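**Student:**
There are 2 protein chains.
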Amino acid sequence: MDVRSLCLAVLSRGPASGYDIKKMLSEPPISHFQETSYGSIYPALGRLTKEGLTNCVEERQAKRPDKKTYSLTAKGRRALREALSAPLSPDRFRSDFLFALFFGDQLPAETLLAMIATRQAAYQERVDGMQDCDLSEASPQRRFVHGFGLALYAAAAGYLERETPGLEAALTAGDALGQAAE
Amino acid sequence: MDVRSLCLAVLSRGPASGYDIKKMLSEPPISHFQETSYGSIYPALGRLTKEGLTNCVEERQAKRPDKKTYSLTAKGRRALREALSAPLSPDRFRSDFLFALFFGDQLPAETLLAMIATRQAAYQERVDGMQDCDLSEASPQRRFVHGFGLALYAAAAGYLERETPGLEAALTAGDALGQAAE
DNA sequence: GGTTGCATGTAAATGGTTACATGATTGT
DNA sequence: ACAATCATGTAACCATTTACATGCAACC
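In order, the protein sequences belong to chains P and Y. Under this note's numbering, the first residue of the first sequence is numbered 1, with each subsequent residue one higher. Under this note's numbering, the first residue of the second sequence is numbered 1001, with each subsequent residue one higher.
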C-alpha cells in the first residue's frame, strides 16, 4: 500500500498532523503489517494537499514548528475508498531468519540454534504483548485484524518451540555423521 | 537480506548462472520469504565478481547469449557466513489486506467479506500446495523451514475460516444499527 | 542530566522494480 | 500456433530510508 493511501486512511478517522499519522502507523496493530517513515509521510501530505485530496490548516505555535492539521476532502475520501477496494497486492512474509536457516549448512549448529531461540523469544514476546491488549472498546474489524496477527505470531512461536528439539537432534546427528566421515 | 547475499547463498549449493539463481529464488520454499528480480541479480553478480567473491566462467553458446557460470571463491564463502551470522533484520509481515480491513468502515460489508473470502482461498491454496510437496529427500533445515511456512499459512487460512462468520454477524448487526440511527 | 514526546521538513543515498531488447528451442 | 524455458543485460523510473537540521517541555 502506498504511503498516500496510508495517510488518507488514517485521516478517515479524523484530522491529524504528519506527526500524528506517523504515530498511528507506527503503533500496533498497524505497525504489524505496514511500515512508514517521516521521510515519506511529509512529502506525501504535501502532494495530497496540492492535489486536493486533503486540506491543511496551519496553527501557529511558539517555540515549535507550526502544527499543520490535515483532513480529508470528499475527493480524498473517494480516492481512499478506491484504493481500499482496488485489487490488493498479496500478503507477503519476509524472513532473513528462514533464509539463513535454509542455508544453515554454512553455519555451526550452535549458531543456528541460537538464532532460532532468539526468534522464538521475539515471537513469543509479541504474542504476550498482544494478549495483554485491551480490546473492549475495539470495533469488530479491529478485533478481527488483531486476532489474525495473534494467530500468525502464535503459530510461529508455537512451531519454533515444538520443532526445535527435533531439528537439534537431526543437526547433531548430522554433525556426528560428518565427523565420522572425515 | 540484500541481493548479493542471496546470490552467494545460492552459489554455496554449487555453481550457477544468473538465470539459475533467479529460478531458485523464485521457487518455493525460498519464494515464500524472499523476493528478487533479474534487474537486481545480474548487476549484483557483476559486482561480486569484480570484488572477488565469485568467479565467472563464460561458455560460448550458439544462438543464445553466452552462459556465465558463477561459483563462490573462498572470500565469497567467508562473506556469506558473515552475512548469515550477522544480526538479521526482524521478520516482517506486510498485508494490504489487513490494512484495508482495518479501515473497512469505509467500505460496504459485502466488499469486505468478498476480500476475506479471496484471501482465505489464497492461503488455503498455498497450504494445499505445500502439503503436496515431497520432502523425502530434503535436509532437516529445509523441512524445518517448510514446516514453519506451512504452520503460518495454515494459521492464516484457519483463522479466516473460523472467524469470518463472527465478523459477518457483527458487521450486519452494525449495519442495522447504522440504518436505525438514520 | 538524559530520554521521550512534540513537531516539521529536506537531501542524499540506497536499492530495487519494470520495461525494454533479443531470440532459438522444446513441449502442448 | 502458443507458451514456456533458456539466457543475458541495461536504463529509466520509483519509492523509501537515513541522516541531517532544530529545539522546547515534561518526566524520571
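In this text, a Cβ means the ideal position worked out from N, Cα and C, and glycines have one as well. Every value quoted in this text rests on a predicted model; they were computed, and no experiment measured them.
Would Y/Ile1021 count as contacting chain P if we go by Cβ distances under 8 Å?
**Tutor:** Output row for Y/Ile1021: interface = no.
**Student:** Just mark Y/Ser1095 as buried or exposed, buried being the case when its beta carbon has 16 or more other beta carbons within 10 Å.
**Tutor:** Classification for Y/Ser1095: buried.
**Student:** Tell me whether the stretch 1137 to 1154 of chain Y and the stretch 83 to 102 of chain P touch, counting them as touching only if at least three CB pairs, one residue from each stretch, are closer than 8 Å.
**Tutor:** These segments touch.
**Student:** Determine the direct distance from the alpha carbon of P/Leu8 to that of P/Gln34, and round the result to whole angstroms.
**Tutor:** Going from the Cα of P/Gln34 to the Cα of P/Leu8 covers about 14 Å.
**Student:** Can you find a CB in chain P that lies within less than 8 Å of the CB of Y/Gly1129?
**Tutor:** It does not; no Cβ of chain P falls within 8 Å.
**Student:** Y/Asp1096 versus chain P: which residues are under 7 Å apart at the beta carbon?
**Tutor:** The answer, in chain order, is Met1, Leu88, Ser89.
**Student:** The beta strand (DSSP E) spanning Y/Glu1137 covers which residue range?
**Tutor:** Careful: Y/Glu1137 lies outside any beta strand (DSSP E) and carries neither H nor E.
**Student:** Please compile the residues from chain Y whose C-beta is within a distance smaller than 7 Å of the C-beta of P/Ser40.
**Tutor:** Correct list: empty, because the minimum Cβ distance to chain Y is about 15 Å.
**Student:** Y/Arg1119: buried (16+ other C-beta within 10 angstroms of its C-beta) or exposed?
**Tutor:** Buried, since its Cβ has 16 or more Cβ neighbours within 10 Å.
**Student:** What does DSSP give as the partner residues of P/Tyr70 in its beta bridges?
**Tutor:** In DSSP, P/Tyr70 forms a bridge with P/Ala16, P/Cys56.
**Student:** Can Y/Ser1136 and Y/Lys1068 be called in contact, C-beta distance under 8 Å?
**Tutor:** No, they are not a contact pair.
**Student:** Quick check on Y/Val1184 - is its C-beta less than 8 Å from some C-beta in chain P?
**Tutor:** This structure cannot speak to residue 1184 of chain Y, because chain Y is shown only from 1001 to 1182.
**Student:** Among P/Ala122, P/Ala173, P/Pro15, which has the Cα closest to the Cα of P/Thr73?
**Tutor:** For P/Thr73, the nearest C-alpha among the options comes from P/Pro15.
**Student:** What separation, rounded to the nearest whole angstrom, lies between the Cα atoms of Y/Tyr1042 and P/Leu107?
**Tutor:** One C-alpha to the other measures close to 26 Å.
**Student:** Relative to the alpha-carbon of P/Pro140, which residue among Y/Ser1139, Y/Pro1165, Y/Pro1140 has its alpha-carbon at the smallest distance?
**Tutor:** Closest by alpha carbon: Y/Pro1165.
**Student:** The alpha helix (DSSP H) that contains Y/Arg1004, what's its start and end?
**Tutor:** That run of the alpha helix (DSSP H) goes 1003 to 1011.
**Student:** Put Y/Phe1093 into one of helix, strand or coil per three-state DSSP.
**Tutor:** Looking at Y/Phe1093 - three-state DSSP - the assignment turns out to be strand.
**Student:** Under the three-state reduction of DSSP, which class applies to Y/Ser1031: helix, strand or coil?
**Tutor:** DSSP places Y/Ser1031 in helix when its eight states are reduced to three.
**Student:** Report the option in Y/Leu1112, Y/Leu1006, Y/Tyr1153, Y/Tyr1070 whose CA atom is closest to the CA atom of Y/Thr1172.
**Tutor:** Cα-wise, what sits closest to Y/Thr1172 is Y/Leu1112.
**Student:** Looking at the secondary structure, which residues open and close the alpha helix (DSSP H) in which Y/Ala1114 lies?
**Tutor:** Unbroken alpha helix (DSSP H) run through Y/Ala1114: 1109 to 1131.
**Student:** Taking CB distances under 8 Å as the criterion, tell me whether P/Asp105 reaches chain Y.
**Tutor:** By this cut-off, P/Asp105 is an interface position.
**Student:** With a cut-off of 8 Å, does the C-beta of P/Ser12 fall near any C-beta of chain Y?
**Tutor:** Yes, its Cβ sits closer than 8 Å to a Cβ of chain Y.
**Student:** Whole-angstrom Cβ separation of P/Val127 and P/Tyr159, contact assumed at under 8 Å?
**Tutor:** About 12 Å separates the two Cβ atoms, so there is no contact after all.
**Student:** With 8 Å set as the bound, which would you pick, yes or no: does the beta-carbon of P/Thr111 sit closer than that to a beta-carbon of chain Y?
**Tutor:** Yes, P/Thr111 counts as interfacial toward chain Y.
**Student:** Which chain Y residues are close to P/Arg81, counting only those with a beta carbon under 8 Å from its beta carbon?
**Tutor:** Within chain Y, the residues near P/Arg81 are Gln1106, Leu1107.
**Student:** Can you tell me whether P/Phe103 is helix, strand or coil according to DSSP?
**Tutor:** Of the three classes helix, strand and coil, the one that applies to P/Phe103 here is coil, per DSSP.
**Student:** Measure the CB-CB distance between Y/Leu1101 and Y/Ser1012 and report whether it falls below 8 Å.
**Tutor:** No. Outside cutoff.
**Student:** Measure how close the beta-carbons of Y/Val1010 and Y/Met1001 come, nearest whole angstrom, since I'm counting them as under 8 Å.
**Tutor:** Going by Cβ atoms, the distance from Y/Val1010 to Y/Met1001 rounds to 12 Å, so no, they are not a contact pair.
**Student:** So which residues on chain P does Y/Pro1065 lean against when the C-beta distance must stay under 7 Å?
**Tutor:** The premise fails here: Y/Pro1065 is roughly 28 Å from chain P at the closest Cβ pair, so nothing lies under 7 Å.
**Student:** Within 8 Å (strictly less), CB to CB, does P/Tyr159 reach chain Y?
**Tutor:** Cβ-Cβ to chain Y under 8 Å: yes for P/Tyr159.
**Student:** So which residues of chain Y does P/Leu152 contact, with C-beta pairs closer than 9 Å?
**Tutor:** Chain Y residues near P/Leu152: Phe1093, Leu1152, Ala1155, Ala1156, Tyr1159.
**Student:** Candidates P/Ala121, P/Ala83, P/Pro90, P/Arg77: which alpha carbon is nearest Y/Pro1090's?
**Tutor:** For the residues P/Ala121, P/Ala83, P/Pro90, P/Arg77, the minimum Cα distance to Y/Pro1090 belongs to P/Ala121.
**Student:** Around the C-beta of Y/Ala1062, are 16 or more other C-beta atoms found within 10 angstroms, so that it is buried, or is it exposed?
**Tutor:** Per the 10 Å Cβ criterion, exposed.
**Student:** Checking 8 Å against the spacing of the C-beta atoms, do P/Leu84 and P/Thr36 come in under that value?
**Tutor:** Contact flag unset, no.
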